[in-house]
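This note's numbering numbers the first residue of the sequence shown as 5 and each following residue consecutively.
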Amino acid sequence: MILQFGTSRFLQAHVDLFASEARDAGQTVADIAIVQVSDDPVRAQRLAAFDDAAGFPVVIRGLEGGVPVERTVQVRSVVQGLAAAHDWSELCALFVGQVTHVVSNTGDHGYMIPPEDRITIADDRPPRSFPAILLALLHRRWRFGGAGVTFLPCELVAGNGHTLRATVRDLAEQLRLPPAFVEWLGVACLWVDTLVDRIVSEPIHPAGAVAEPYALWAIRDQPGLILPFTHQAIVVTDDLPRFERLKLHILNLGHSWLAERWYRAGMVAAATVRQAMADADTLADLRRLYTDEVVPGFATGGLDDEAATYVEKTMDRFANPFIDHRLSDIYASHAAKVAKRVSGFVDWVDASGSAVPMPELRALAQRYEVKQ
5 MILQFGTSRF
15 LQAHVDLFAS
25 EARDAGQTVA
35 DIAIVQVSDD
45 PVRAQRLAAF
55 DDAAGFPVVI
65 RGLEGGVPVE
75 RTVQVRSVVQ
85 GLAAAHDWSE
95 LCALFVGQVT
105 HVVSNTGDHG
115 YMIPPEDRIT
125 IADDRPPRSF
135 PAILLALLHR
145 RWRFGGAGVT
155 FLPCELVAGN
165 GHTLRATVRD
175 LAEQLRLPPA
185 FVEWLGVACL
195 WVDTLVDRIV
205 SEPIHPAGAV
215 AEPYALWAIR
225 DQPGLILPFT
235 HQAIVVTDDL
245 PRFERLKLHI
255 LNLGHSWLAE
265 RWYRAGMVAA
275 ATVRQAMADA
285 DTLADLRRLY
295 TDEVVPGFAT
305 GGLDDEAATY
315 VEKTMDRFAN
325 PFIDHRLSDI
335 YASHAAKVAK
345 RVSGFVDWVD
355 ASGSAVPMPE
365 LRALAQRYEV
375 KQ
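1) So, are the CB atoms of ALA213 and ALA17 less than 8 angstroms apart?
2) So, using beta-carbon positions, are VAL191 and LEU257 closer together than 8 angstroms?
3) Cα-Cα, which of ALA282, SER347, ILE327 and PRO207 is closest to ALA367?
4) Could you give the DSSP three-state label for ASP201: helix, strand or coil?
5) What ranges does the beta strand (DSSP E) occupy inside the region 236 to 284, keeping only unbroken runs of at least 3 residues that lie completely in it?
6) Helix or strand or just coil, what does DSSP make of ILE64?
7) Rounding to the nearest angstrom, what Cα-Cα distance links GLN8 and VAL107 in this structure?
8) Ignoring anything shorter than 4 residues, give me the alpha helix (DSSP H) runs that lie fully in the region 36 to 94, in order along the chain.
9) Give every residue of the same chain whose Cβ lies closer than 8 angstroms to the Cβ of GLU25, excluding the five residues on either side of it in the sequence, and list them in chain order.
10) Nearest to LEU86 by alpha carbon, out of THR198, GLU120 and ASP44?
11) Buried or exposed: ARG291, going by 16 or more other Cβ atoms within 10 Å of its Cβ?
12) I think PRO135 touches THR171, with their Cβ atoms under 8 angstroms apart; what is that distance to the nearest whole Å?
13) Can you tell me which of the three DSSP states PHE148 falls into?
14) Can we say the region 133 to 147 touches the region 97 to 116, given the rule of at least three CB pairs closer than 8 angstroms?
15) Which runs of the beta strand (DSSP E) spanning at least 3 residues fall entirely within the region 170 to 218, listed in chain order?
16) What residues in its chain sit with their C-beta under 8 angstroms from that of ASP296, if we drop five residues either side in the sequence?
17) If distances are taken between C-alpha atoms only, which option among GLU264, LEU287, GLU316 and MET271 comes closest to ARG371?
18) According to DSSP, is HIS329 part of a helix, a strand, or is it coil?
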C-alpha cells in the first residue's frame, strides 16, 4: 500500500492521478490510503469522499502546444481516508503490515515539531506533527520486525527527502530511542529527494481538482530505489538540481519579471498572468528576455536545449486561459524572490566564467540588492 500524508488538491491531481493512470495502462499499482494530519473540519469532509469506490474527478485544462485542451480523468487509485487523530489504531496496523511507500505534501510548516512531540511517543495516541507521527509509526514497524519504507516527499523543500530523514532521525535521538532503531531509519529506509511541478488551480468538492496539462515529478535516483509505478510525468534522475534550476530560473523567474513589470506599471489589483500574456508588448518582451538572456545563461551549463524546451512549455502555462494567477499574489515577498530567482541565476551564470551580458536581469537583480 502507498500511504499519503496530506489531503491537498495538489496530490490528488499529481501522485493520485499518476497512480490511477498507471493502473489504467495495465500496471499493477498498490492502493493509496490518504491520512489527514490536521484537525481541519473542511479537510475532514474529503476523507469520506476518499472512501468512495467511484473515485474522484481531476479536470485537466490548459494549453498543449498552444492548443486549448480539456479532459476529465476519474481517479480510482485512492481507496481510503484516515484521520490520524481518530483512526490511530487502524493507521498503525496498516503501516506495520501493508505500507511500502509514503508520499507527502504537508505544507510550508509540515516538518515543524511542537514541544509536546519532543517529550515522548505513546502507543495509544498519535503525536500532533507529521514528523512525530512518522517516527511513532516507524518505531512500531521496527519493533514488529518490518522492512524499511521508501519515502517520496513532495513538499517544496530543497532536499526534501534528506531533510525529512534528518528531522525524524534527530527526533528519535532526542527521545532516546534505541540506537539500533535509529540506524535502521538510515539503512533500511529510503528517503528520496523529489521535485514536483504542476499548477493545480482549484479544488472540486468534496474531492478532486482542476489542474494544468503540464506535470513533472522528478525523483533523485539512488541505490535500492523501487518506485510504486511509472508514468510519463515521472523522471528518475541523478541530477535533480538541473530540474530545480529550470523551474526556478525560467518559470519562477518569469513570474517575478512579470510581477516587477506590474509593479512599475501601477499595480492594477486584479491583473493576472494570463492578462499580461495577452498584451502584445509584454509577451514580446518576455520572450526576448528568455531568448536573449535566460537561454544563453543556461547554455553556460550545457542546458540551452532543455531551457529552450522548458521556455515554450512555460509560455503555454502562463497563457493558460483557465487559470487566473494574480500578479499581486506573485509580488508578495518580491525582493526575496528576486534574490533567489534572478540574482541566483546571474550568480550561477557568472560562476561558470562565461561572459553573458544579461543586461535586464542584472539591472533587476541590482535594483533589489540596493534595497536589501
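Note that CB positions come from ideal geometry on N, CA and C, so glycine has one too.
The structure says:
1) yes
2) no
3) SER347
4) strand
5) 238 to 241
6) strand
7) 5 angstroms
8) 45 to 54
9) VAL77 and HIS235
10) ASP44
11) exposed
12) 5 angstroms
13) coil
14) yes
15) 198 to 201, 204 to 207 and 213 to 215
16) none
17) GLU264
18) coil
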